[in-house]
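Contents: one structure, followed by commentary.
Protein chains: 2
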Amino acid sequence: MIAGFGRFDQIVGRLLAANGCKATILDHNPGQIEMLRRFGFKIFYGDASRIELLQAARAARAKLLVVAIDERDTILEVVELARKRFPHLKILARAIDRSHAYELIRRGADGVQRETFGSALEMGMEALKLLGVRSYKARRAALTFKEHDEEALREMAFAENRDETVLIARSRQLAQQLEQLLQTDDQELTHEVDLAWDISALRQDRG
Amino acid sequence: MIAGFGRFDQIVGRLLAANGCKATILDHNPGQIEMLRRFGFKIFYGDASRIELLQAARAARAKLLVVAIDERDTILEVVELARKRFPHLKILARAIDRSHAYELIRRGADGVQRETFGSALEMGMEALKLLGVRSYKARRAALTFKEHDEEALREMAFAENRDETVLIARSRQLAQQLEQLLQTDDQELTHEVDLAWDISALRQDRG
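If you're matching them up, the sequences are chains A and B in order.
Counting from 16, one number per residue, gives the positions in the first sequence under our numbering.
Counting from 16, one number per residue, gives the positions in the second sequence under our numbering.
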C-alpha cells in the first residue's frame, strides 16, 4: 500500500510491480490512471491522512504501508495515524531531511529514507569508482557508511538531550568513528572476499 | 573536487573522506569551515561557474569534478564550462529531475544522479524485504531496475524525436521490458549465486 504517487513513490511502486507486488495506491490525484490500472495497481482517491480512506483501502489487511508523499506534515500525520490504528502494519516513510527523520522515527515508522541520502551515496560510490576504487569495494564502503549513518540517526532520534550543540558534537564524534571503521575495513580486505557486499553478514562473521 | 557543499554534497564528501580521498570544495559559503578543514578538505570560496575559481582550484590537475549544488541552472553552467575547458575531467552531476538529467547528459556529464532516485530505490528495496524477499535478491532487483532505468535515461537524452507523446510511449515500452527482465532474472535464480550483487558481471557471464 503506497500513500502518494509522485516521482518518488512511482519508483517504489514500479520496483515492487516489476517484482510481482501489485501495490494499492492512495492519492489525491494520481496521474496516468489508465497506465497504472493496466500495470495492475488498485487506486483509492483521497486524503491518506484520513482514517476512512485507510479503512476503505483495507489497511487492516495490508502488510506494508509506504508513505512517500511530497509534504512534510502530511507524511507525519499519515505515519502517526497508521501507527495508532494499525499496529501490525510495517511503515516505511520518506523523510525530507534529518530532523523530519527524527520525528518520523519517534512516531513509530519502521524505516525512514531521507529523500536525497540514497542518491548522494550512489554518487559518492560512483566517485570512488572513477577515482580507481574497485566496484565491490566502493559498494561496500557505501553500505558501511549507510549502516553507520542510519544507526546514528536512530540513536539521535531518541537522544534525551536535544540541545543543538550536543547533537552536533555527537554527530562529529560519530563521523570520526565511521572514518576509523572504514579504515579498519580496508586493512581487513587484504584477502578480499566477494561476500563483502553484505555488510551485516560480515559483521556476524566477525562476532 | 566538489562544487557545492549542502546536504547532498556533504554525503559525497564524507564518503570520499572516509575512504581516504580528501576533496577540494568550491562553494559560496560552506558552513562549518573549521570542521571541514580539520577533516582535511581544501576549500575555495566563490562561484564554481566562473573559470577563475576552477583554475585557482587547479581543475586542470583534478581527476574528478562532482557538481551537486542545489540550483538547477548553476549545475548546468558548471558542467558546460568544465566540459569545455577541462576535457580530461570526469564529471558527475546531480540532476533535479528527469529533464534536467537529459540536459546534463547532453552537455557532457559522465554520470548523473537524479536527486531522489537513489533514495526511492532504497525504499523500494526495503519494501521488498519487508514483504519477504531475501536481502540479496531485493538488492539485485534494485540494481537491475537502476541499470535499466539509467540506460533508458541515456537513450532518451539523445532521442531525435523529442516529442512528449513519443517519449512517454517509449518510456512505457521500456518499463514493460524491465518487468520482463526481472521475471527472467527470477527464473534464472533457481540456483542462486552470491555474486548476484554485481549485475554487470552477471551479464558478462551470460554473454
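Just so it is clear, CB atoms sit at the ideal spot from N, CA and C, and this is done for glycine as well.
Examine chain A for any beta-carbon lying closer than 8 Å to the beta-carbon of residue i, and answer yes or no.
i, result
"Val94 of chain B", "no"
"Val181 of chain B", "no"
"Ile26 of chain B", "yes"
"Glu67 of chain B", "no"
"Ser261 of chain B", "Given a span of 16 to 222 for chain B in the structure shown, any question on residue 261 of chain B remains unanswerable."
"Lys37 of chain B", "no"
"Leu145 of chain B", "yes"
"Ala142 of chain B", "yes"
"Ala156 of chain B", "yes"
"Arg52 of chain B", "no"
"Phe23 of chain B", "yes"
"Ala124 of chain B", "no"
"Leu79 of chain B", "yes"
"Glu86 of chain B", "no"
"Ala97 of chain B", "no"
"Arg129 of chain B", "yes"
"Leu189 of chain B", "no"
"Ala116 of chain B", "no"
"Ala83 of chain B", "yes"
If you run the structure through DSSP and keep just helix, strand and coil, what is residue i?
i, result
"Asp213 of chain B", "In this prediction, Asp213 of chain B has a pLDDT of 34, which is less than 50 and means its spatial position is unreliable; nothing more can be read from the coordinates."
"Ile111 of chain A", "coil"
"Ile84 of chain A", "coil"
"Gly139 of chain B", "helix"
"Lys105 of chain B", "strand"
"Arg73 of chain A", "coil"
"Arg100 of chain B", "helix"
"Arg122 of chain A", "coil"
"Ala18 of chain B", "strand"
"Thr205 of chain B", "With a pLDDT of only 34 at Thr205 of chain B, under 50, the local geometry of the prediction cannot be trusted, and no value is derived from it."
"Arg221 of chain B", "Confidence at Arg221 of chain B is low in this model, with a pLDDT of 38, below 50, so its placement is unreliable and the value that follows should be read with caution. Arg221 of chain B: helix per DSSP, three-state reduction."
"Ser134 of chain A", "helix"
"Leu65 of chain A", "It is Arg, not Leu, that sits at residue 65 of chain A in the sequence shown. Coil at Arg65 of chain A, not helix or strand."
If you follow the alpha helix (DSSP H) that residue i is part of, which residue opens it and which one closes it?
i, result
"Asp42 of chain B", "Asp42 of chain B -> not in any alpha helix (DSSP H); beta strand (DSSP E) instead, spanning Thr39 to Asp42."
"Val27 of chain B", "Arg22 to Ala33"
"Arg155 of chain B", "Ser150 to Ala172"
List the DSSP bridge partners of residue i.
i, result
"Gln195 of chain B", "Partner(s): none; Gln195 of chain B has no beta bridge."
"Gly147 of chain B", "DSSP output for Gly147 of chain B lists no bridge partner at all."
"Val181 of chain B", "In the DSSP output, where bridge partners are listed per residue, Val181 of chain B has none listed."
"Arg129 of chain A", "A:Ala110"
"Leu79 of chain A", "A:Lys105"
Please decide whether residue i counts as near chain B, where near means a Cβ-Cβ distance under 8 Å.
i, result
"Phe56 of chain A", "no"
"Leu31 of chain A", "yes"
"Asn34 of chain A", "yes"
"Arg109 of chain A", "yes"
"Glu170 of chain A", "no"
"Ala184 of chain A", "no"
"Asp112 of chain A", "yes"
"Glu166 of chain A", "no"
"Gly139 of chain A", "yes"
"Ala18 of chain A", "no"
"Gly222 of chain A", "Its pLDDT being 32, under 50, Gly222 of chain A is placed unreliably in this model, and the value from its coordinates should be taken loosely. No, its Cβ sits nowhere closer than 8 Å to a Cβ of chain B."
"Arg218 of chain A", "Model confidence at Arg218 of chain A stands at a pLDDT of 39, short of 50, so the residue's coordinates are unreliable and nothing is read from them."
"Thr89 of chain A", "no"
"Phe101 of chain A", "no"
"Arg121 of chain A", "no"
"Phe160 of chain A", "yes"
"Ala74 of chain A", "no"
Between residue i and the rest of its own chain, which residues show a CB-CB distance below 7 Å, the 5 nearest in sequence each way excluded?
i, result
"Gly21 of chain B", "Asp85"
"Glu130 of chain A", "Phe23, Arg109, Ala110 and Ile111"
"Lys161 of chain A", "Leu136"
"Asp125 of chain B", "Lys105, Ile106 and Leu107"
At what residues does the beta strand (DSSP E) containing residue i begin and finish?
i, result
"Lys239 of chain B", "No statement about residue 239 of chain B is possible, as the shown extent of chain B runs from 16 to 222 and does not include it."
Please work out which residues of its chain come closer than 8 Å, Cβ to Cβ, to residue i, disregarding the five sequence neighbours upstream and downstream, and give them in chain order.
i, result
"His163 of chain A", "Leu189, Gln192, Leu193 and Leu196"
"Arg121 of chain A", "Ala172 and Phe173"
"Phe63 of chain A", "Looking at the sequence provided, one finds Ala at residue 63 of chain A rather than Phe. Hits under 8 Å: Ala18, Gly19, Leu41, Asp42, Leu69, Val82, Ile84, Thr89 and Val93."
"Ala97 of chain B", "Leu69, Ala74, Leu80, Val82, Leu104 and Ile106"
"Arg87 of chain B", "Ile111 and His115"
"Gly139 of chain B", "Ala157 and Phe160"
"Gly35 of chain A", "none"
"Tyr117 of chain A", "Leu168, Met171 and Ala172"
"Leu119 of chain B", "Ile90, Leu91, Val94, Ala108, Ala110 and Val127"
"Ile66 of chain B", "Leu96 and Arg100"
Who are the Cβ neighbours of residue i in its own chain at under 6 Å, not counting the five residues just before and after it?
i, result
"Thr39 of chain B", "Met16, Lys57 and Ala72"
"Gly61 of chain B", "Leu68"
"Ala184 of chain A", "none"
"Gly28 of chain A", "Ile17 and Ala38"
Residue i CB to nearest chain D CB: under 8 Å?
i, result
"Leu41 of chain B", "Among the protein chains of the structure shown, namely A and B, there is no chain D."
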